[in-house]
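Residue numbering for the sequence shown follows numbering that gives the first Met the number 0, beginning at 0 and increasing consecutively.
Backbone N, C-alpha and C define an ideal beta-carbon position, used for all residues, glycine too.
Encoded as structure tokens, the structure appears first; notes follow it.
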Amino acid sequence: MTDPRIIQRQDHPISRKDIDKDTLYVLYRLKDAGYEAYLVGGAVRDLMLGRKPKDFDIATDARPHELKRLFRNSRVVGRRFRLVHVFFGPKNVEVATLRSGIEPPPGNDPDLYIDDDNQWGDIESDAFRRDFTINALFYDIRSFNVIDYTGALDDLQAHRIRAIGDPAVRFQEDPVRMLRAIKFAARFGCEIEDATHNALLDHAPEILKASRHRVTEEIFRILSQPNREIGLRMMADYGILGALYPEWLDAIGDDGFAQVAAFYAAVDKAAEEDRFFPLEITTCGLFLPFLGEIDLEKDNFNRVAARVTEDLRSMALRMDLPKRLMAQVIDYLRGQLYLLFFHHLTKRVRRFVETPYFDPVWQVHLLAYGQVEDLEGVQTIWAEARKRLGTPVGGTVGGPDKRDIFSFRGRTGGGRLPQGRDGRRGGRGGRQDDDEDGDWPAQSAITADLGEDGPA
Ligand code: ATP
Ligand code: MG
């Protein structure tokens with residue numbers, strides 16, 4: 000037994016009016032039925048930092064079947080991690096029963112990987128099974144106290160990410176925690192405490208043991224939250240990107256990586272100015288280096304576009320990224336070539352700005368090359384043609400794109416591009432200044448090639 004540090008209402012900033020009202024209702028309902036009820040995890044952390052939480056999670060000593068009985072509008076979900084959703088119209092509040100730390104498997108099985116996390120426990124054991132100290136605070140609805148078993152308060156104050164327990168063991172149990180450490184460090188501008196930092200360095204390659212789905216999700220979260228550039232650099236510096244995407248890292252090299260980082264810095268800056276882009280646009284940043292060096296005198300659009308398409312398709316396969324997302328990324332990057340190769344052809348310029356592809360292509364261009372002085376002439380041409388349409392430039396979204404990366408998967412569920420097809424579109428060949436042969440829209444051509452759900 001450890002004595003927790005208790006922070007009373009007057010000594011912390013969490014007020015009930017900052018808590019979502021349905022969450023508050025569930026907390027009170029539990030308390031009135033005689034159960035313990037706590038606001039937990041990220042919500043307590045965010046409120047302590049004076050930020051608005053994304054979601055509110057509840058922990059209680061009531062068991063799932065008791066929760067079902069207490070809340071008629073509820074459902075038990077999950078197997079590996081069973082919890083109860085209490086529904087309020089389309090929305091639900093997540094309630095988890097307090098859990099115990101999982102004992103390592105008996106015998107000398109070296110595999111520490113947790114695959115069953117449904118052993119009930121109390122508030123103390125529940126605190127210690129969480130990943131980082133700042134994620135292990137409890138707000139008690141009975142007393143309005145904040146309860147700290149793990150030293151979270153000191154770490155919050157010092158802006159420090161510290162794994163609970165032995166970081167090497169915690170990262171081996173669940174390698175996704177390494178990406179979570181980076182996610183929180185980048186998002187909150189925290190440093191990673193020494194032992195946690197060293198364990199991250201040591202165990203980064205083990206990220207390959209984690210579920211590909213969870214890993215991809217965390218990476219795209221890191222690339223969609225504040226301080227994307229910092230998050231990207233941390234993933235590279237800790238060797239996570241090298242472990243997951245070795246071919247990508249090799250192909251882009253140091254200069255390519257700098258280009259990718261500069262793109263995400265531009266996305267960060269836009270976000271600070273309240274301009275946000277959909278994932279299809281922000282993901283283009285990862286693949287900008289594949290456009291390569293272009294010599295407008297010698298190169299031909301069709302040839303370069305075919306090469307880029309082919310390179311990107313095979314890279315997307317290796318990286319196991321959702322096919323629909325990548326089809327768009329490829330289109331938008333081909334669009335970059337279009338902007339370069341055809342800016343001097345008035346008719347094409349006029350026609351392209353009128354297509355729905357122009358705005359997203361243009362946003363990618365501005366994020367990637369907005370600061371490149373050599374391109375000023377090219378940019379003026381497109382910007383003016385677009386301005387003449389007299390409509391606002393699209394390609395942005397109202398807030399950060401919160402879609403799950405896997406919502407981009409085809410109906411068959413495969414995130415892969417079909418194999419064994421090359422990106423060549425053949426037959427075009429013609430002169431690149433042949434104004435009659437509009438090589439746009441690329442979208443239809445590419446998705447037709449891929450088929451809605453991949454190869455038949
Ligand atoms: P976010 O603001 O990104 O949602 P969060 O801290 O709420 O951050 P969640 O993924 O929503 O993160 O998880 C909720 C809580 O569950 C965490 O705060 C943490 O206490 C615990 N948790 C989540 N994932 C893990 C994990 N892999 N290992 C241990 N504890 C975890
Ligand atoms: Mg959360």
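Quiz item: Would you report the Cα separation of I293 and D173, rounded to the nearest angstrom?
Solution: Cα to Cα, I293 sits roughly 44 Å from D173.
Residues of its chain near R15, where Cβ-Cβ distance is below 8 Å and the 5 sequence neighbours each way are ignored | Contacts found: L23 and F143.
- For ligand 2, any of its heavy atoms closer than 7 Å to the Cβ of K53? Indeed, a heavy atom of ligand 2 lies less than 7 Å from the Cβ.
Determine which residues share a DSSP beta bridge with K16 and list them.
According to DSSP, which records beta bridges pairwise, K16 is partnered with nothing at all.
Quiz prompt | Euclidean distance between Cα positions of A326 and H342 | solution = In a straight line, the C-alpha of A326 is about 24 Å away from that of H342.
| query | Cα-Cα, which of A135, S99 and M318 is closest to F219? | reply | Nearest of A135, S99 and M318 to F219, Cα basis: M318.
- Query: So D56 is in the beta strand (DSSP E); what residue range does that whole segment cover?
  - Reply: Counting along the chain, the unbroken beta strand (DSSP E) around D56 starts and ends at D56 to T59.
By Cβ distance, which residues of its chain are closer than 6 Å to R239, with the 5 residues on each side in sequence left out? Note that residue 239 is Ile in the sequence shown, not Arg. Contacts found: A203 and I206.
**OP:** Examine ligand 2 and report whether any of its heavy atoms sits within less than 7 Å of the Cβ of G77.
**Re:** No, since every heavy atom of ligand 2 falls outside the 7 Å radius drawn around the Cβ of G77.
How about the segment 178-196 and the segment 223-236: do they share at least three Cβ pairs that are nearer than 8 Å?
Short answer: they touch.
So does R83 have its beta carbon nearer than 7 Å to some heavy atom of ligand 1?
For clarity, residue 83 is Val in the given sequence; the question names Arg instead. Not under cutoff, so the answer is no.
Runs of alpha helix (DSSP H) lying entirely within the segment 111-161, each at least 4 residues, in chain order: Listed in chain order, they are 122-127 and 151-157.
message = Taking 7 Å as the limit between beta carbons, can you name the residues of its chain near T132, skipping five residues before and five after?
response = Annotation for T132: T149, G150, A151, D154, R161 and I163 place their beta carbon closer than 7 Å to its own, counting only its chain and skipping 5 residues before and after.
- prompt: Can a CB atom of chain D be found closer than 8 Å to the CB of A61?
  reply: Absent here is chain D; the protein component of the structure consists of one chain.
Separation of K67 from L231, as counted between CA atoms: Computed Cα separation, rounded: 42 Å.
Review point. Is P104 buried or exposed, if buried means 16 or more other CB atoms sit within 10 Å of its CB?
Key: Legend: pLDDT at P104 = 44, less than 50; position of this residue unreliable, no value from coordinates given.
Quiz item: Excluding sequence positions up to five away, which residues of its chain have a Cβ less than 8 Å from the Cβ of K182?
Solution: Spatial neighbours of K182 in its own chain (CB-CB distance under 8 Å, excluding positions within 5 residues in sequence) are listed in chain order as E217, R220, I221, Q224 and G230.
Using DSSP with H/G/I as helix, E/B as strand and the rest coil, what is F86? Three-state result, F86: strand.
| task | Round the Cβ separation of D358 and V392 to the nearest angstrom and send it over; I've been treating them as touching at under 8 Å. | result | 5 Å between Cβ atoms; contact.
- Item | First through last residue of the alpha helix (DSSP H) which encompasses L97 | No alpha helix (DSSP H) holds L97; DSSP gives it neither H nor E.
* Asked: If you count every other CB in all the chains shown that lies within 10 Å of the CB of R78, and 16 or more means buried, which is it?
  -> That one is exposed.
| query | Do you know offhand how far L332's Cα is from R141's? | reply | If you take the alpha carbons of L332 and R141, they lie about 55 Å apart.
Apart from the five residues on each side of it in sequence, which residues of its chain come closer than 6 Å, Cβ to Cβ, to H11?
Non-local C-beta neighbours of H11 in its own chain, meaning closer than 6 Å and more than five positions away in sequence, comprise V145, ordered along the chain.
(request) Assuming V76 and H84 form a contact by the criterion Cβ under 8 Å, report the distance between their Cβ atoms to the nearest whole angstrom. (result) Sure, about 5 Å apart at Cβ, within 8 Å.
| field | alpha helix (DSSP H) runs contained entirely in the segment 315-348, provided each spans 4 or more residues | value | Entirely contained in the segment 315-348, the alpha helix (DSSP H) runs reaching 4 residues are, in chain order, 322-340.
List the DSSP bridge partners of V39. V39 pairs with D56 and F137.
Straight-line gap, I191 to N197 (C-alpha atoms, nearest Å): Looking at the backbone, the Cα of I191 and that of N197 are separated by about 9 Å.
**OP:** Per DSSP, which residues does N91 bridge with? Please list them.
**Re:** Under DSSP, the beta-bridge partners assigned to N91 are F86.
Margin query: Given the structure, does G164 come close to ligand 2, in the sense that its CB is under 7 Å from one of the ligand's heavy atoms?
Written below: No, Cβ of G164 sits at least 7 Å from all heavy atoms of ligand 2.
Next item on the list: Using only the heavy atoms of ligand 2, determine whether one of them is closer than 7 Å to the beta carbon of G40.
Entry: Checking the Cβ of G40 against ligand 2 gives yes.
S223 in three-state terms, based on DSSP | Coil at S223, not helix or strand.
Exercise. Under 8 Å, do A42 and L97 count as touching if we go by C-beta distance?
Worked result: Against a cut-off of 8 Å, the Cβ pair of L97 and A42 comes out as no contact.
- Task: To the nearest angstrom, report how far apart T1 and A135 are at their CA atoms.
- Result: Approximately 14 Å between the Cα atoms of the pair.
- How big is the Cα-Cα spacing for I404 and R385? CA-CA distance, I404 to R385, rounds to 31 Å.
With hydrogens ignored, establish whether the beta-carbon of R179 is closer than 7 Å to any heavy atom of ligand 1. Yes, ligand 1 has a heavy atom inside 7 Å of this Cβ.
Notebook entry, point to check: Are at least three pairs of beta-carbons, each pair with one atom in the segment 265-285 and one in the segment 360-369, less than 8 Å apart?
Noted result: Counting C-beta pairs with one atom in each stretch, the segment 265-285 and the segment 360-369 have three or more that are closer than 8 Å, which means they touch.
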